[in-house]
Amino acid sequence: MVTTIEIALLVAALALLFGTYTIIKAVKPFIVNAVFGLIVLVIASFLGIGVEITPIAVLICAVGGIPGAILVILLAYLGIAFAGMAVPVGVLTLV
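Okay, so the sequence shown: first residue is 10 according to this note's numbering, each after it adds one.
Shown next as structure tokens:
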């Protein structure tokens, strides 16, 4: 015979399952955007544009995707924010 505790555990397990599915479904686009944005940032850093990858830059890439990564690269290139240790392409240094 099925008891009240077993029914409550079944309902709790189903609620947890549906809640987890909903959370993963909501977070998945942000993870995909963050991965593609970070790939773009790493490629830009490899090409010599000094972009510092910070949690704020990752958040911008997660929300904005590739356009967010381009915005971070543009801000780093202009020296406004996210500037790393490398010198942007096209800037002459006097040594």
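Even glycine gets a Cβ: it sits at the ideal position worked out from N, Cα and C.
These numbers come from a predicted model, not from an experiment.
{"Item": "9 Å Cβ cutoff met for Val81 and Val60", "Value": "yes"}
{"Item": "Within the segment 45-102, ranges of the beta strand (DSSP E) (whole runs, at least 3 residues)", "Value": "none"}
{"Item": "Inter-residue Cα distance where the pair is Phe55 and Thr63", "Value": "16 Å"}
{"Item": "Nonlocal neighbours in the same chain, by C-beta distance under 6 Å from Ala53, ignoring five residues either side", "Value": "Val60, Ile82"}
{"Item": "Distance CB(Gly46)-CB(Ile69) smaller than 9 Å", "Value": "yes"}
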